[in-house]
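Okay, so here's the structure we're looking at.
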Amino acid sequence: MVSRSNPLQKQANCLIDLCLNYGHTIVIYFNDLFKVTQGLVRQQTSTEQQTKLAGWQWS
23 MVSRSNPLQK
33 QANCLIDLCL
43 NYGHTIVIYF
53 NDLFKVTQGL
63 VRQQTSTEQQ
73 TKLAGWQWS
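Structure (C-alpha cells):
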C-alpha cells in the first residue's frame, strides 16, 4: 500500500462514494428545487421585470 495517497484521488473517491450513497437523493432534491425555481420564475417574470433590472443595476 502507498502510505501517502494523492489528495486529489482521495477527494475523487469521496465524491464517488457520495454519489453512490446519496445519488438518488441528490437527484430528487435538485429536481424538486428546479421545479420550485421554475414555478417562481414563471410567477415573477411578468410582474417583476422592472424590479429585476433595478436589482441588477445595484448589484
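Residues 23 to 81 in this note's numbering are what the sequence shown lists, from first letter to last. Every residue gets a Cβ at the ideal spot worked out from N, C-alpha and C, and that includes glycine.
Next item on the list: State the Cα-Cα distance for the pair ALA34 and ILE50, rounded to the nearest angstrom.
Entry: As a position in the sequence shown, residue 34 is number 12, starting the count at 1. As a position in the sequence shown, residue 50 is number 28, starting the count at 1. Rounded to the nearest angstrom, the two C-alpha atoms are 22 Å apart.
Check: Is THR67 near the ligand PLP, with its Cβ less than 7 Å from a heavy atom?
Finding: The ligand PLP is absent from the structure shown, which contains no ligands of any kind.
Check: Helix or strand or just coil, what does DSSP make of ARG26?
Finding: As a position in the sequence shown, residue 26 is number 4, starting the count at 1. Looking at ARG26 - three-state DSSP - the assignment turns out to be coil, as it is neither helix nor strand.
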